[in-house]
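Structure record follows, encoded as structure tokens.
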Amino acid sequence: MNKPRVRLGDLLVQHNLISADELMTALSEQKSTGRKLGATLISMGLVTEHQMLELLSRHLNVPLIDIDQYRVNQQAVLLLPEIQARRYRALVIDDKGDSLLVAMSDPADLTAVDHLSETLNRQIELAVVSEQQLFTAYDTFYRKTQEIASFAQELAEEYDTEDNFNIELGGAGDQDTTVARLLQSIFEDAVIAKASDIHIEPDENQLRIRQRVDGVLQETVIPEKSIAAALVLRLKLMAGLDISEKRLPQDGRTQIKVKGHKIDVRLSTMPVQGGESVVMRLLDQSAGILTLEQTGMPSAQLTRFRNLLRRPHGMILVTGPTGSGKTTTLYGALSELNTAKSKIITVEDPVEYRLPRINQVQVNPKINLTFSNVLRTTLRQDPDIIMVGEMRDQETVEIGLRGALTGHLVLSTLHTNDAISSVVRLLDMGAPGYLVASSLRGIIAQRLVRRICDNCTTSYTPTDDEKVWLNGIDENAADVAFKQGRGCQKCNQTGYRGRIGVFELLEMTENMMNYLKSSDIQGFSDAATKSTGYRSLPQSALTYAKMGVTSVEEVLKLVEMVAQDAPSSEITDDTTVQ
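So the sequence shown is numbered by this note's numbering: it starts at -1 and just counts up by one.
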């Protein structure tokens, strides 16, 4: 490779980007800080990073690349170990067969180029790239996948039977064991990926580690299935569970600190055919509780929701399936209601976030500390506001409704698909129609849809079938210019980054109450859909799609989910316990 000899400082002086005196000052500063000259010049404000990169690109005749927009070859990245990539500020971004394309923040560093050529043992082509983009790319591409595989192999070589695991890992204090380092890597990888859950699943011949990122599972397969017992044992020790019990499910909790994040881990074990499956819900305590604005609730709905929260009594339900963000919305509401003038008691399973001034009770069915029993006692504690984690049975529902009727503001959740079907569920659970009509003030149903990655947004034209579905939601929808993500390194080639809440708010009216008192669900449903300000979940999601926040794919996925649980027009005499 032809490598022109050049010193960055001299090059900048030659092109009048800095003066000779400024160069001498920067060199003096560099000696005291130990930083590279380019970074020193930028920090001193003598030159911008873009000016320096453009100059290097022209002088060295190498391309200037925006990694955020470049489709990086992830397999090529792994050809260069992370430690050397960070040392030489380099990243292999493509494999062209006869050569490798290597992006560097300073391709004029010939010593680094020589070492890279020797390490890769391939002909290399250089490109220049922003140093900040390199650091972001390192965290994206050099996740812990290889490290996890390495630790798993090492662990499998150290121990070959489950008995060995039990002998060696009997104490929780040995932090230097291979299994502890393996778990640390798994947690670090999950934090980097911003995963909400980790699944450890033993299969017949392999171990699967899956992470739920933006609601979608991503899988890593480890061939050393025999290490599953060691992982489960260590996790049980961390969560204070019974390590000798493998036949029954167990639930526990622990707290870890990973990359400066304080993470609460809710752990659930379950015996399966290949051993024990473990699912861990990760709650980042250092991130704090989201405000109602941060949930993504539109301003018009937010104003109406806050008006409901200001009422002195009545019941407000937040509904949706598991993982739809109900708890986040409730905690956001409690944060606004949490003042010195109000006594707030919550009954939860489990308590996810600790809130100051609020009395939070963790239910424990093993000692008969159930929702209904705690709620009955709660009403004697002179509360102003009560939050019930979930309406699970007829007794809890009736106590909650009567509490709302006797001067308390009651917040709770239901696992239903939309606001209208929530009322059907309450009646199905045995709550009298007159009691629901008198106590219920509002229902907010919600879902989480994935946000389009703002770094790789591109236009999207719906297919003919999609246009039919969209026109069913809004007759003018198919004429909108929609967006989608094409996939980039920032979103791990998925086209999505993060999620946003989609909401359906139903406020009770006198007309709806009259239908409820006579258990006329069809009449209630018609009155609800025609009420002022009502927008269904699909309509709310479509609004975000029109704004380019989410995609047509996400809207249609939500339509399909909601359609699976359309409310019935009849109420049976059977009581359904959720």
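Ideal Cβ positions, reconstructed from N, Cα and C, are used throughout, including at glycine. Here the structure is a predicted model, which is why all the values come from computation and not from measurement.
Q: Kindly confirm or deny that the stretch 432 to 448 and the stretch 319 to 337 touch, where touching means at least three C-beta pairs closer than 8 Å.
A: yes
Q | N- and C-terminal bounds of the beta strand (DSSP E) containing residue 346 | A | 342 to 346
Q) For residue 369, which beta-bridge partners are listed by DSSP? A) None; residue 369 has no bridge partner.
Q. Alpha carbon to alpha carbon, how far is residue 209 from residue 259?
A. Distance between the alpha carbons of residue 209 and residue 259 is about 18 Å.
Q) Helix or strand or just coil, what does DSSP make of residue 464? A) helix
Q) Hey, how far is the Cα of residue 291 from the Cα of residue 77? A) 44 Å
Q) What span of residues does the beta strand (DSSP E) with residue 443 cover, start to end? A) Per DSSP, the continuous beta strand (DSSP E) segment holding residue 443 begins and ends at 438 to 450.
Q: Could you give the DSSP three-state label for residue 244: helix, strand or coil?
A: coil
**Q.** Rounded separation between residue 487 and residue 268 - CA only
**A.** Taken atom to atom, the span from the alpha-carbon of residue 487 to that of residue 268 is near 35 Å.
(Q) For a test of the three-state rule: what should DSSP assign to residue 351, helix, strand or coil? (A) coil
Q: Out of 202, 553 and 16, state which residue places its alpha-carbon closest to the alpha-carbon of residue 460.
A: Of 202, 553 and 16, the smallest CA-CA separation from residue 460 is found for 553.
**Q.** Pairwise C-alpha distance: residue 67 and residue 125
**A.** 14 Å
**Q.** As assigned by DSSP and simplified to three states, the class of residue 469
**A.** helix
Q) Is the CB-CB distance between residue 257 and residue 189 below 8 Å? A) Contact: yes.
Q: In angstroms with no decimal places, state the Cα-to-Cα distance between residue 83 and residue 50.
A: 21 Å
Q | Neighbourhood of residue 379 by C-beta, 8 Å cutoff - its chain only, sequence neighbours within 5 removed | A | 341, 343 and 357
(Q) Could you tell me the alpha carbon to alpha carbon distance between residue 122 and residue 111, rounded to whole angstroms? (A) 9 Å
Q. Are the stretch 280 to 288 and the stretch 306 to 317 touching, with three or more C-beta to C-beta distances below 8 Å?
A. Three or more Cβ pairs closer than 8 Å define a contact, and the stretch 280 to 288 falls short of that threshold against the stretch 306 to 317.
Q. Is residue 86 helix, strand or coil when you go by DSSP?
A. coil
Q) Excluding five sequence neighbours on each side, which residues of the same chain lie with their C-beta closer than 7 Å to the C-beta of residue 296? A) If we look at residue 296 and ignore the five residues flanking it on each side, it has no Cβ neighbours.
Q) residue 70: beta carbon under 7 Å from a heavy atom of the ligand FMN? A) With respect to the ligand FMN, the structure offers nothing, as it holds no ligand at all.
Q) Taking the Cβ atom as the reference point for each residue, do residue 448 and residue 213 lie within a distance shorter than 8 Å? A) yes
(Q) So, with DSSP's three-state summary, where would you put residue 302? (A) helix
(Q) Quick check: the Cα distance between residue 186 and residue 233, rounded to an integer number of angstroms? (A) 15 Å
Q: Write down the C-beta distance between residue 106 and residue 88 rounded to the nearest angstrom, noting that I regard them as a contact closer than 8 Å.
A: With a Cβ gap of about 13 Å, residue 106 and residue 88 do not count as contacting.
(Q) Quick check on the burial criterion: 16 or more other C-beta atoms within 10 angstroms. Buried or exposed for residue 561? (A) exposed
Q. Touching or not, the stretch 418 to 425 and the stretch 368 to 387, by the rule of three or more beta carbon pairs under 8 Å?
A. no
**Q.** Straight-line gap, residue 132 to residue 65 (C-alpha atoms, nearest Å)
**A.** 8 Å
Q: Whole angstroms is fine: what's the gap from residue 228's alpha carbon to residue 533's?
A: If you take the alpha carbons of residue 228 and residue 533, they lie about 50 Å apart.
Q: Report the residue from 362, 334 and 361 whose alpha carbon sits nearest the alpha carbon of residue 354.
A: 334
Q: May I have a chain-ordered list of the beta strand (DSSP E) segments no shorter than 3 residues that lie completely inside the stretch 226 to 285?
A: 248 to 256, 259 to 270 and 273 to 282
(Q) By the DSSP assignment, the alpha helix (DSSP H) with residue 331 in it spans what residues? (A) It spans 324 to 335 - the alpha helix (DSSP H) in which residue 331 sits, taken as one unbroken run.
Q) Per DSSP, what kind of secondary structure is residue 509 in: helix, strand or coil? A) helix
Q. Going straight from the alpha carbon of residue 117 to that of residue 86, what length do you get?
A. 11 Å
Q | Three-pair Cβ contact test at 8 Å for the stretch 449 to 459 versus the stretch 517 to 535 | A | no
**Q.** Where residue 202 sits in the DSSP three-state scheme
**A.** coil
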